[in-house]
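Note that numbering that gives the first Met the number 0 numbers the sequence shown so that position 219 is 218, with each residue one more than the last.
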Amino acid sequence: MRKNSEIEKGTRFGHHMDRDYCLILANGPWPTIEKVRELADGASEVIACDGALNRAFEHKLNVDITIGDMDSVDEKTLEQFSTNGGKVIENKDQHSNDLAKAFAHCEASEQKNPVIVGGLGGDGGHEWANILTSISSGIAAEFIGKKKQIRILSKGVNYSIEIGMGNNFSLFAIPYCEGVELSGARFELTGERLEMGSQGLHNVATSKNIKCSFQNGSLFLVSSLSDEDP
């Protein structure tokens, strides 16, 4: 668990070379395969949620674990994965989706910073379910989609996150967030309380990195991917 005094050093939003993370492959829309391959190569562990294993095999991505109810993955793919030494965690619980099952595995193995591809885009209900599942589980996840990224932030951590000067970002509280500190942005915050709604919508970075922290509640950061991102 992170201590309240911990400072998370600045990394470009979506770039993870200086921090340990596991990669979760969900079955929604992925960013470019080049981006997914870069993330997979740098991950300490790669987890495929059920049917996402089919795409991982198609693109020859190395996967360590597949998890879910196994109703979407091809039988031959699953058999080959197991034969090659991959770990299969079958969980038929119908009260949680495959991503929630992957989060439970991360929590049990003390992996607190998963990066997820395939968790954004597609069906809006699924997208929100994925975000809320991350928040409710206490997992500080980062979702990378085709056109946007969403990062769930942890309370008591002093973040320095590279957004890029002049780039837009938004902060949202669910259902509230207290003691919010934000600098390096057009609209800065000093010990503010954010309510669920549009308070944190459409801010602009005025420096390379924004600095952010909060004390209570839940907060997540949304940023658009620029054309220069891989």
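Where a beta carbon is used, it is the ideal one built from N, C-alpha and C, also for glycine.
query, result
"Spatial neighbours of H125 in its chain, beta-carbon cut-off 7 Å, leaving aside the 5 residues before and after", "G27"
"C-beta contact flag for K91 and D68 at 8 Å", "yes"
"T189, buried or exposed, once every other Cβ within 10 Å from all chains shown has been counted against 16", "exposed"
"Expected contact under 8 Å - CB spacing of G163 and K207 to nearest Å", "7 Å"
"Short Cβ contact (8 Å threshold) for Q110 with G155", "no"
"Residues near F186 by beta carbon distance below 6 Å, same chain, minus five either side", "N202"
"Span separating the alpha-carbon of K146 from that of S222", "9 Å"
"Identity of the residues DSSP links to C176 by a beta bridge", "L193 and G216"
"One or two residues paired with C45 in a DSSP bridge", "Note on identity: in this sequence residue 45 is Val, with Cys being the wrong assignment. Paired residues: L22."
"Limits of the unbroken beta strand (DSSP E) element including L152", "K147 to L152"
"Residue nearest to I173 in terms of C-alpha spacing, selected from S159, S133 and G144", "S133"
"Segment limits, beta strand (DSSP E) that includes N157", "N157 to E161"
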